[in-house]
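Undergrad: One structure coming up, written as structure tokens, with questions to follow.
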Amino acid sequence: MQQGIYNIKKIIKDLPNSSGVYKMISITNEILYIGKAKNLSKRISSYANPHRLNNRLQKMISLIDKIEYISTVDETKALLLEASLIKEIKPKFNILLKDDKTYPNIEFRIGHKWPQIKKHRGRKSNEHCYFGPFASAYHVNVTLDILQKIFSLRTCSDFELLNRKRPCIQFQIQRCSAPCTGEISPKDYKEIVDNLLSYMNGKNSNLMNNLIKKMNIASKELNYEKAANFRDKIRSLEKTHHTFKNLYKNIEEADIFSVVRINEHIAIEVTFCRNSQNFGSNTHFVENKIEDDLSLILQKFIVQFYNTQNIPNKIIISDDIHEKELIENAFFTKAKSKVSILKATEANTKLIVTEAKKTAEINLAKKISEMNKNKNLLESLKIKFNLSINISNIEVYDNSHFSGKEAVGSYIVANKEGFLKSKYRKFNIKNSNSRDDYSMMQEVLTRRIKYGRYPDLIIIDGGKGQLSCAKEVLIKMNLSNINLISISKGKKRNSENERFYCDNGKEVYLKKNDPLFYYLLRLRDEAHRYAISNHKVLRNKKLFNSEIDMIPNVGAKRKKNLLLFFKNVQELKSATFDRLCKVPGINKETAMEIYNFFDKN
0 MQQGIYNIKK IIKDLPNSSG VYKMISITNE ILYIGKAKNL SKRISSYANP
50 HRLNNRLQKM ISLIDKIEYI STVDETKALL LEASLIKEIK PKFNILLKDD
100 KTYPNIEFRI GHKWPQIKKH RGRKSNEHCY FGPFASAYHV NVTLDILQKI
150 FSLRTCSDFE LLNRKRPCIQ FQIQRCSAPC TGEISPKDYK EIVDNLLSYM
200 NGKNSNLMNN LIKKMNIASK ELNYEKAANF RDKIRSLEKT HHTFKNLYKN
250 IEEADIFSVV RINEHIAIEV TFCRNSQNFG SNTHFVENKI EDDLSLILQK
300 FIVQFYNTQN IPNKIIISDD IHEKELIENA FFTKAKSKVS ILKATEANTK
350 LIVTEAKKTA EINLAKKISE MNKNKNLLES LKIKFNLSIN ISNIEVYDNS
400 HFSGKEAVGS YIVANKEGFL KSKYRKFNIK NSNSRDDYSM MQEVLTRRIK
450 YGRYPDLIII DGGKGQLSCA KEVLIKMNLS NINLISISKG KKRNSENERF
500 YCDNGKEVYL KKNDPLFYYL LRLRDEAHRY AISNHKVLRN KKLFNSEIDM
550 IPNVGAKRKK NLLLFFKNVQ ELKSATFDRL CKVPGINKET AMEIYNFFDK
600 N
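To convert, note that position 246 of the sequence shown is 245 in numbering that gives the first Met the number 0; the numbers rise steadily by one, no gaps.
Shown next, in the form of structure tokens:
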């Protein structure tokens, strides 16, 4: 502790009084903590009086060897830089947003002659219209299902649209108007498009009246099947409209954050609302190492959350935050539009927050229960296998190939929280004999170890032979302190006949009713699933490879155009230069490259 305080005081005299971002660094050059400050000198000086700080902060101070800083123009820029660096580096003592995935949207392809609705992730096109974000793919799929019942727009790809000769089953069940075969005129299709846009923008009263009017007309004309179709659309619309009518009617665009705590564990429920409709909610579990203040945790979470997400006009929060105005200014800089952060005070927003907190508490309690269960299993694992250290991180390795082809090695990662899928890794086998499981395992382990940050335990899918190979690699890399276990299927290779070995080759017997037995099998099966799925991806990719893939400047689009233009690859090979120039997307230079490629080969 005293050494850490001394190191802080040593650097204080060189610190500016300007705003900026600072990094607390350990003697091993590990970045412990990243923070922002309005005044770097004053902020870092506060760490030199650790008696005002909690035990966790004192622990961090005892690890500090040096401090680096970056000056910024103002505190707003410091706030945004801090969030960006935390996301990139993930320091040990910062509040970390574990799940920073991008959320799915519904893409409305209005830039196409026959607009289409579909699920979308990633970069957005200026030609099309987007609705979202939605909390998950499930919420998108449910919404798309409802929209297809009300609006008969196509969901098929452009390729299917151009090549279909007769309507598909979606037309038969009245969930598509079949523009592919001319079953609907462009004018009528545009009317459906306009109605959908109106509905998604929250203006559905006119749509309801139009549907009722059309149903009555069809009924008077004795076209009862058509009338029944309109009736079903009206019912779907009423059901959707009624579900969130009262709670969300005054919320045009907002993300709602509700924070809860159970002991030292924190969860934040994020609810998405657009055009007076609920687009679902998602529970985030926050990794918190040093903060006790719930408001500060919520504040830091929100700033990190919008590192990767689009910022709405309004952010509603369950608890007050400390630097509301600063964050609003930072978000204005980033979003180029005014962003308001408001505490839930109105009756409807307070009820939304209350319900969101209940959901977050239930999910957090489940998470804690699972963590306690896994913690007990890890303690049991240490005792049963006589391991030298407590087990926090586990890596499980497996290989997959088909008669030596498309060989892939991979590992999965698990700890007391369960499977950490973001840390899974795969390796395409390069140098080893892909029919030799031993050499494959050695290659994968050798390549993995070069990354650093080693696990406490490595589990190998295999018997004593694979275990010996893995041990050789660890000894060679001076990492013999990492614990090793292998899982063999036994002589009959039947499930539940598995045999377990320590790194000294000694077998460890586990009863089939022992929870640890099934925990280890679950780890092994997950590693097996991941290895096989990667092998299948590689195998399928190879199946669709052809000589065309080897032609310079011919990517996926040009390859597709070539295959559609010519009957087969043989016809492409014998094509003249002039004919190649007629292929859509193929200019004269590319046509010459294709012609020369096949002429030389």
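Note that CB positions come from ideal geometry on N, CA and C, so glycine has one too. Please read these numbers as outputs of a predicted model, since none were measured by experiment.
Output yes or no for whether 8 Å exceeds the beta carbon distance between SER176 and SER151.
TA: As a first step, residue 176 must be located in the sequence shown, where it is residue number 177. As a first step, residue 151 must be located in the sequence shown, where it is residue number 152. A contact, by the Cβ cut-off of 8 Å.
Undergrad: Do you know how far the Cα of LYS505 is from the Cα of GLU290?
TA: If you number the sequence shown from 1, residue 290 lands on position 291. If you number the sequence shown from 1, residue 505 lands on position 506. Using only the alpha carbons, I get a separation of about 45 Å.
Undergrad: Secondary structure at MET591, three-state DSSP: helix, strand or coil?
TA: Numbered from its first residue, the sequence shown carries residue 591 at position 592. For MET591, the secondary structure class from DSSP, reduced to helix, strand or coil, is helix.
Undergrad: Tell me the residue span of the alpha helix (DSSP H) that contains ASP187.
TA: For this step, residue 187 is matched to residue 188 along the sequence shown. 185-199 is the span of the alpha helix (DSSP H), which, as asked, contains ASP187.
Undergrad: Within the stretch 360-403, note down every full beta strand (DSSP E) run reaching 3 residues or more, in order along the chain.
TA: 393-401
Undergrad: For ASP436, tell me which candidate among ARG230, LEU146, GLY464, ILE550 has the shortest Cα-Cα distance.
TA: For the purposes of this step, residue 436 is taken as residue 437 along the sequence shown, with counting starting at 1. Of ARG230, LEU146, GLY464, ILE550, the residue nearest in Cα terms is GLY464.
Undergrad: Between GLN441 and VAL407, how many whole angstroms is the CB-CB distance? I'm expecting something under 8 Å.
TA: Walking along the sequence shown from the start, residue 441 turns up at place 442. Walking along the sequence shown from the start, residue 407 turns up at place 408. Contact flag wrong, Cβ pair sits at about 15 Å.
Undergrad: With a threshold of 16 other CB atoms inside 10 Å of the CB of PRO49, please say whether the residue is buried or exposed.
TA: If you number the sequence shown from 1, residue 49 lands on position 50. In the assembly as shown, PRO49 is a buried residue. Its beta-carbon has 16 or more other beta-carbons within 10 Å.
Undergrad: Please identify the residue among LYS148, ALA364, ASN482, ILE216 whose C-alpha is closest to the C-alpha of ILE382.
TA: One-based indexing of the sequence shown puts residue 382 at position 383. Measuring from the Cα of ILE382, the nearest candidate turns out to be ASN482.
Undergrad: Taking the alpha carbon of ILE33 as the point to measure from, which residue in VAL20, LEU39, THR27, ARG42 has its own alpha carbon closest?
TA: Position 34 of the sequence shown holds residue 33. Of the candidates VAL20, LEU39, THR27, ARG42, the one whose C-alpha sits nearest the C-alpha of ILE33 is VAL20.
Undergrad: Assign MET0 to one of three DSSP states: helix, strand, or coil.
TA: Position 1 of the sequence shown, counted from the first residue, corresponds to residue 0. Three-state result, MET0: coil.
Undergrad: Taking the straight line between their C-alpha atoms, what separation do you get for ILE593 and ASN249?
TA: For the purposes of this step, residue 593 is identified with residue 594 of the sequence shown, where counting begins at 1. For the purposes of this step, residue 249 is identified with residue 250 of the sequence shown, where counting begins at 1. Rounded to the nearest angstrom, the two C-alpha atoms are 60 Å apart.
Undergrad: The alpha helix (DSSP H) spanning THR142 covers which residue range?
TA: Mapped onto the sequence shown, residue 142 falls at position 143. Residues 136-149.
Undergrad: Among residues of its own chain, excluding the 5 on either side of HIS534, which ones have a beta-carbon nearer than 8 Å to its beta-carbon?
TA: If you number the sequence shown from 1, residue 534 lands on position 535. So the qualifying residues of the chain are SER399, HIS400, PHE401, GLU405, ALA406, VAL407.
Undergrad: From LEU297 to LYS356, what does the alpha carbon distance come to, in whole angstroms?
TA: By one-based count along the sequence shown, residue 297 stands at place 298. By one-based count along the sequence shown, residue 356 stands at place 357. For LEU297 and LYS356, the distance between alpha carbons rounds to 13 Å.
Undergrad: So CYS580 is in the beta strand (DSSP E); what residue range does that whole segment cover?
TA: As a position in the sequence shown, residue 580 is number 581, starting the count at 1. That residue, CYS580, is in no beta strand (DSSP E); its alpha helix (DSSP H) goes 576-580.
Undergrad: At what residues does the beta strand (DSSP E) containing GLN276 begin and finish?
TA: As a first step, residue 276 must be located in the sequence shown, where it is residue number 277. Taken as a continuous stretch (DSSP letters only), the beta strand (DSSP E) holding GLN276 covers 276-286.
Undergrad: For a test of the three-state rule: what should DSSP assign to ILE69, helix, strand or coil?
TA: As a working note, residue 69 is residue 70 in the sequence shown. ILE69: strand per DSSP, three-state reduction.
Undergrad: For PHE243, I'd like the list of residues in its chain whose CB is within less than 8 Å of its CB, leaving aside the five on either flank, ordered along the chain.
TA: If you number the sequence shown from 1, residue 243 lands on position 244. The predicted model places PHE243 with a pLDDT of 48, which falls under 50 and marks its position as unreliable; any figure quoted below should be read in that light. Closer than 8 Å at the Cβ level, and outside the excluded window around PHE243, lie SER275, GLN276, ASN277.
Undergrad: Take the Cβ of ASN93 as the centre, count every other Cβ of all protein chains shown within 10 Å, and call the residue buried at 16 or more, exposed below.
TA: Against the sequence shown, residue 93 aligns to sequence position 94. Buried, because 16 or more other Cβ atoms sit within 10 Å of the Cβ of ASN93.
Undergrad: With a threshold of 16 other CB atoms inside 10 Å of the CB of PHE384, please say whether the residue is buried or exposed.
TA: Numbered from its first residue, the sequence shown carries residue 384 at position 385. Buried is the call here.
Undergrad: Nearest by alpha-carbon distance to GLU322: which of TYR5, LYS37, ASN16, LEU31 is it?
TA: The sequence position of residue 322 within the sequence shown is 323, counting from 1. Checked all of TYR5, LYS37, ASN16, LEU31; the closest Cα to GLU322 is LYS37.
Undergrad: Would you give the residue range spanned by the alpha helix (DSSP H) that PHE133 belongs to?
TA: Along the sequence shown, read from residue 1 onward, the residue named residue 133 stands at position 134. Boundaries for PHE133: no alpha helix (DSSP H) harbours it, and the DSSP string shows neither H nor E there.
Undergrad: Measuring alpha carbon to alpha carbon, tell me which residue in LYS148, THR154, PHE107, LYS112 is nearest GLY131.
TA: Start at 1 with the first residue of the sequence shown, and residue 131 comes out as number 132. Of LYS148, THR154, PHE107, LYS112, the residue nearest in Cα terms is PHE107.
Undergrad: DSSP three-state call for HIS264: helix, strand or coil?
TA: Locating residue 264 in the sequence shown gives position 265, where the first residue counts as 1. The answer is strand: DSSP assigns HIS264 an E or B state.
Undergrad: Measuring straight from C-alpha to C-alpha, what distance separates GLN2 and LEU52?
TA: On the sequence shown, residue 2 is found 3 positions in, with the first residue counted as 1. On the sequence shown, residue 52 is found 53 positions in, with the first residue counted as 1. C-alpha separation (whole angstroms): 17 Å.
Undergrad: Assuming contact is defined by CB atoms lying nearer than 8 Å, are ILE340 and GLU360 in contact in what I supplied?
TA: For the purposes of this step, residue 340 is taken as residue 341 along the sequence shown, with counting starting at 1. For the purposes of this step, residue 360 is taken as residue 361 along the sequence shown, with counting starting at 1. Result no, Cβ atoms of ILE340 and GLU360 do not sit closer than 8 Å.
Undergrad: May I ask you to list the residues that DSSP assigns as paired with GLY417?
TA: Within the sequence shown, the letter at position 418 stands for residue 417. Answer by DSSP bridge pairing, in chain order: ASN414.
Undergrad: Considering only residues of the same chain and omitting the five flanking positions on each side of LEU56, which have a CB-CB separation below 6 Å?
TA: The residue given as residue 56 occupies position 57 in the sequence shown. Taken in chain order, the residues that qualify are ILE289.
Undergrad: Can you list, in chain order, the residues of its chain whose CB lies under 6 Å from that of LYS572, leaving out five sequence neighbours each side?
TA: Residue numbering aside, residue 572 sits at position 573 when the sequence shown is read from its first letter. Cβ within range, chain order: PHE597.
Undergrad: How far does the beta strand (DSSP E) with ASP436 in it reach, from first residue to last?
TA: Against the sequence shown, residue 436 aligns to sequence position 437. First-last for ASP436: 436-448, but that is the alpha helix (DSSP H), not the beta strand (DSSP E).
Undergrad: CB SER40 to CB PRO15, shorter than 8 Å?
TA: Working through the sequence shown from its first residue, we reach residue 40 at position 41. Working through the sequence shown from its first residue, we reach residue 15 at position 16. For SER40 and PRO15, yes; Cβs fall inside 8 Å.
Undergrad: Counting pairs of Cβ atoms below 8 Å between the stretch 164-181 and the stretch 306-326, do you hit three or more?
TA: no
Undergrad: Hey, how far is the Cα of LYS148 from the Cα of ILE216?
TA: Walking along the sequence shown from the start, residue 148 turns up at place 149. Walking along the sequence shown from the start, residue 216 turns up at place 217. The alpha-carbon atoms of LYS148 and ILE216 are separated by roughly 20 Å.
Undergrad: What did DSSP end up calling ASP254 once you bin it into helix, strand or coil?
TA: Here the question's residue 254 lines up with position 255 in the sequence shown. Note: ASP254 maps to strand in three-state DSSP.
Undergrad: By the 10 Å Cβ neighbour count, where 16 or more other Cβ atoms means buried, how is PHE256 classified, buried or exposed?
TA: Start at 1 with the first residue of the sequence shown, and residue 256 comes out as number 257. The residue in question, PHE256, is buried, as its Cβ has 16 or more Cβ neighbours within 10 Å.
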